[in-house]
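Going down the list, the protein sequences come from chains A and B.
Here this note's numbering is used: the first residue of the first sequence is 64, the next is one more, and so on.
Here this note's numbering is used: the first residue of the second sequence is 1006, the next is one more, and so on.
Contents: one structure, followed by commentary.
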Amino acid sequence: MLPVWQKVAKPFVEAGELVVLGVVQEQHPDRARLYRQWRELDWPILVDSLNLLDVAVVPVPIAIDEAGIVRHTGLSPGMLEKAFIKQPHFHDKGTTATVEPAVRPDLDQLRREAKRSNRARAWRDTGDAYFLFGGANGIDESAEAYRRAIQIDPKDGRAHFRLGTALRRRSDSDRRQSGDAQGAVEHWGRALAIQPNQYIWRRRLQQYGPRLDKPYNFYFWVEQAREEIRRRGLNPIELSVEPLGSEIAPPLRETAAADIKIPDGDPDGRIHRDETGMVRIETTVVPARVQPGQPVRVRTQFRVNDDTRPFWNNEAQDLTLWVGLPDGLRLGEGQFTFANPAEPETQELRVLEFECVVSGSHAPGRVELPGYALYYVCAKKDGKCRFLRQDFRVSFEVDPSAPRLR
Amino acid sequence: MLVSMVALAMGGGIGLTAGQARADETAYSRIEVGSPHPDFVLPTLDGGYARLSDYRGKKVLLIHFASW
């Protein structure tokens, strides 16, 4: 779709008859930068991760005339010239109000005003402003403002979606807090329950969700794009967050028939625990509320400690995962071992994901899955390597009224 | 003022006037042919900000997309 628009619009852009603005509706803008490099798009591209413009589907081309009046929605590339470019005098029908120069909003003042009025809408606007204009530090203020909005109006789907987006952004940054990734999923889920026809919100949740819920494997194009860019003699734009696990997993149309059994690597619990936190584990379950008979996808993420920066010891055993399954759950499919890279020592983020299917007769209520990981890490300080265990617990809600992702 | 532009984009929803948007917060609207497109400010992929009304006087093709 976009390469076609690029080709059709280019002569008019070069002749000064048209401006094309892309607006990307996704969580990670740098993926759109890679896409733009690959497809050689030369338009300005704006980022609407918060879905501020309320677009519910993509792609949507909107033709706007010289006076700012919408002339077409859903214009086809073949009609661009005849139906839009060559149409004269559009500007006579609209206003020609003077455009004032843009200035940065006063974030403190917005927050003070929200505090004074204590209106949900004022808090949500404050969250938006901090997200857009607050820089790296603004993400905390943004999340807090959205929380205040939701406290006042728990039915505000936009505030839930935007809080999810802010939490996911923080979880992908150095400012991450425990529970951010799971919080994102939960708020996106609540947003979708309030407005189930919002396709952009649905996609955001599907991105991290079970394979049964996916229309196709997202970000399948990334590797192809990199190869083609390299063949042109260029370096592909680096991604701050590499698509992993559910983001690139191909969809399944049926649940795997056979149950997977994973061996318990420490049945007696004798392996030393990672008491100093050399590795930080974060788990995410999507969706956080699931109907009986449906799958959940669990993401386990392993990051070496940001402060002490130990190394994975790749000359020893692979990182492995064990999960205990309560009655009424079975494993669908998944990865329980992270194969060591070729280099002897590395510090990369490691992700393992698996799916569980809840039985159709499962009673409503909270489900808890105990699990642990076994790994070899070496301290940066003295080079000492240790084989360690770290326990974790994953929980989600079985709820017959939970929204379906599909 | 950028503040008001942001607020319009945030609250308005495409196709609604600011007043309508405040009256109907749950309307997930589509834009309307023949009506002004609500103004907005968003960050760009290259680190700056862009505002729709800065392109007033030119024909604009706004393409919403995702790279998924």
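We put the CB at the ideal spot given by N, CA and C, even for glycine.
Where A:A320 and A:R187 are concerned, what is the direct C-alpha to C-alpha distance, given to the nearest angstrom?
For the purposes of this step, residue 320 of chain A is taken as the residue at position 257 of the first sequence. For the purposes of this step, residue 187 of chain A is taken as the residue at position 124 of the first sequence. Unreliable placement is indicated for A:A320, whose pLDDT of 45 sits below 50; the coordinate value is still reported in the next sentence. The straight-line gap separating the alpha-carbon atoms of A:A320 and A:R187 is approximately 45 Å.
Checking contacts by CB at 7 Å: is A:P124 closer than that to chain B?
Looking up residue 124 of chain A in the first sequence gives position 61. Yes, because at least one Cβ of chain B sits closer than 7 Å to the Cβ of A:P124.
Please tell me whether A:Q88 has its Cβ less than 7 Å away from any Cβ of chain B.
Taking the first sequence and counting its residues from 1, the one referred to as residue 88 of chain A is at position 25. Nearest CB-CB separation between A:Q88 and chain B: below the 7 Å threshold.
Starting from the C-beta of A:D235, find all residues in its chain whose C-beta is less than 8 Å away, skip the five residues before and the five after it, and write them out in chain order.
Reading the first sequence from its first residue, position 172 is the one you call residue 235 of chain A. Only H91, S303 and V304 meet the Cβ criterion.
Once you ignore the five residues that flank A:P466 on each side, which residues in its own chain have a CB closer than 8 Å to its CB?
One-based indexing of the first sequence puts residue 466 of chain A at position 403. Within the same chain, A:P466 has close Cβ partners G252, L255, A256, P259, P350 and R352.
For B:E1030, which residues in the same chain have their Cβ closer than 7 Å to its Cβ, ignoring the five residues on either side in sequence?
Position 25 of the second sequence, counted from the start, is the residue given in the question as residue 1030 of chain B. Because B:E1030 carries a pLDDT of 35, less than 50, the predicted location of this residue cannot be relied on, and the following value inherits that uncertainty. Its chain contains no residue whose beta carbon lies nearer than 7 Å to that of B:E1030 once the 5 sequence neighbours on both sides are disregarded.
Hey, is B:G1052's beta-carbon within less than 7 Å of any beta-carbon in chain A?
In the second sequence, the residue the question calls residue 1052 of chain B occupies position 47. With a threshold of 7 Å between beta carbons, B:G1052 makes no contact with chain A.
Going by C-alpha distance, which of A:Q364, A:E460, A:C448 and A:P407 is nearest A:V421?
Stepping through the first sequence from its first residue, residue 421 of chain A is reached at position 358. Per the Cα distances, A:E460.
C-alpha gap between A:E551 and A:N181, whole angstroms:
Nothing about residue 551 of chain A can be reported from this structure: the residues present for chain A run from 64 to 469 only.
Thinking A:R265 and A:A312 are a contact (beta carbons under 8 Å), I'd like their distance in whole angstroms, please.
Against the first sequence, residue 265 of chain A aligns to sequence position 202. Against the first sequence, residue 312 of chain A aligns to sequence position 249. The C-beta distance from A:R265 to A:A312 rounds to 17 Å, too long to meet the 8 Å contact threshold.
Please identify, using Cβ separations under 7 Å, the residues of the segment 71–87 of chain A that lie next to chain B, in order along the chain.
Hits within the stretch, in order: A72, E80, L81, V82, V83, L84, G85, V86 and V87.
Interface partners of A:A186 on chain B, CB under 8 Å:
As a first step, residue 186 of chain A must be located in the first sequence, where it is residue number 123. The question names Ala, but residue 186 of chain A in the sequence shown is Trp. In chain order: nothing, as chain B lies at least about 12 Å away.
Restricting to Cα atoms, I'd like to know which of A:F283, A:G395, A:R336 and A:P373 is closest to A:L315.
Stepping through the first sequence from its first residue, residue 315 of chain A is reached at position 252. Looking at the Cα atoms, A:G395 is the closest of the given residues.
With a 10 Å radius around its C-beta and 16 neighbouring C-beta atoms as the bar for buried, classify A:R362 as buried or exposed.
Residue mapping note: residue 362 of chain A aligns to position 299 of the first sequence, counting from 1. Per the 10 Å Cβ criterion, buried.
Can you tell me whether A:S424 is buried or exposed? The criterion is at least 16 other CB atoms within 10 Å of its CB, across all chains shown.
Here the question's residue 424 of chain A lines up with position 361 in the first sequence. That one is exposed.
Spatial distance of A:N403 from B:F1070 (CA atoms):
In the first sequence, counting from the first residue as 1, residue 403 of chain A sits at position 340. In the second sequence, counting from the first residue as 1, residue 1070 of chain B sits at position 65. Between A:N403 and B:F1070, the C-alpha separation is close to 37 Å.
Can you tell me which of the three DSSP states B:Y1054 falls into?
Numbered from its first residue, the second sequence carries residue 1054 of chain B at position 49. DSSP places B:Y1054 in strand when its eight states are reduced to three.
So if DSSP puts A:E408 in a beta bridge, which residue, or which two residues, is it bridged to?
Here residue 408 of chain A refers to the residue found at position 345 when the first sequence is read from its first residue. Beta-bridge pairing links A:E408 to A:N376.
Under the assumption that B:L1066 contacts A:A379 (Cβ atoms under 8 Å), give the Cβ distance between them as a whole number of angstroms.
Against the second sequence, residue 1066 of chain B aligns to sequence position 61. Against the first sequence, residue 379 of chain A aligns to sequence position 316. Actually they are not in contact, since the Cβ atoms of B:L1066 and A:A379 sit about 56 Å apart, beyond 8 Å.
Determine, for A:Y193, whether the minimum Cβ-Cβ distance to residues of chain B falls below 7 Å.
As a working mapping, residue 193 of chain A is identified with position 130 in the first sequence. Under the Cβ criterion of 7 Å, A:Y193 is not counted among the residues facing chain B.
Per DSSP, A:Q453 forms a beta bridge with which residues?
The residue labelled residue 453 of chain A in the question sits at position 390 within the first sequence. Beta-bridge pairing links A:Q453 to A:A436.
Where A:F365 falls: helix, strand or coil (DSSP):
Sequence index remark: in the first sequence, residue 365 of chain A carries index 302 (1-based). Three-state DSSP puts A:F365 in a strand.
Is the segment 126–144 of chain A close to the segment 1054–1065 of chain B, with three or more CB pairs under 8 Å?
Enough Cβ pairs lie closer than 8 Å, so yes.
Given that a residue counts as buried once 16 or more other Cβ atoms are within 10 Å of its Cβ, and exposed if not, what is A:V67?
Here residue 67 of chain A corresponds to residue number 4 of the first sequence, with the count starting at 1. By the neighbour-count definition (other C-beta atoms within 10 Å, threshold 16), A:V67 is an exposed residue.
Does DSSP put B:H1069 in a helix, a strand or coil?
By 1-based counting over the second sequence, the position of residue 1069 of chain B is 64. B:H1069: strand per DSSP, three-state reduction.
Quick one: Cα of A:F224 to Cα of B:L1050, how far?
As a working mapping, residue 224 of chain A is identified with position 161 in the first sequence. As a working mapping, residue 1050 of chain B is identified with position 45 in the second sequence. Roughly 21 Å separates the two Cα atoms.
Cβ neighbours of A:L230 in the same chain (closer than 8 Å, five flanking residues each side left out)
Start at 1 with the first residue of the first sequence, and residue 230 of chain A comes out as number 167. For A:L230, where only same-chain residues beyond five positions count, the Cβ hits under 8 Å are A206, D243, A244, G246, A247 and H250.
With DSSP as the reference, label A:I125 as helix, strand or coil.
Counting from 1 along the first sequence, the entry for residue 125 of chain A is found at position 62. For A:I125, the secondary structure class from DSSP, reduced to helix, strand or coil, is strand.
Using a Cβ-Cβ cutoff of less than 6 Å, which residues in the same chain neighbour A:K443 once the five nearest sequence positions on both sides are dropped?
Taking the first residue of the first sequence as position 1, residue 443 of chain A is located at position 380. Excluding residues within five positions, the ones whose Cβ falls inside 6 Å are R372 and P373.
Classify A:N200 as buried or exposed, calling it buried when 16 or more other Cβ atoms lie within 10 Å of its own Cβ.
Here the question's residue 200 of chain A lines up with position 137 in the first sequence. Exposed, since its Cβ has fewer than 16 Cβ neighbours within 10 Å.
Considering only DSSP beta bridges, list what A:R360 is partnered with.
Walking along the first sequence from the start, residue 360 of chain A turns up at place 297. Its beta-bridge partners are A:V349 and A:E418.
What would DSSP say about A:H425, mapped onto helix, strand or coil?
Counting from one through the first sequence, the residue named residue 425 of chain A turns up at place 362. Three-state result, A:H425: coil.
Identify every run of the beta strand (DSSP E) within the segment 66–105 of chain A, keeping only runs that are complete inside it and at least 3 residues long; order them along the chain.
As far as the segment 66–105 of chain A is concerned, its whole beta strand (DSSP E) runs of at least 3 residues are 82–87.
What are the residues in the segment 222–240 of chain A lying within 7 Å of chain B by C-beta distance?
Taking 7 Å as the Cβ-Cβ cut-off against chain B, none of the residues of the segment 222–240 of chain A qualify.
Opening and closing residue of the alpha helix (DSSP H) in which A:T136 lies
What you label residue 136 of chain A is simply residue 73 of the first sequence in a count that begins at 1. Counted as a single uninterrupted DSSP element, the stretch harbouring A:T136 is not any alpha helix (DSSP H) but the beta strand (DSSP E) occupying residues V133 to T136.
Residue environment, A:A78, which counts as buried when at least 16 other CB atoms sit within 10 Å
The sequence position of residue 78 of chain A within the first sequence is 15, counting from 1. In summary, A:A78 is exposed, with fewer than 16 beta-carbon neighbours lying within 10 Å of its beta-carbon over all protein chains present.
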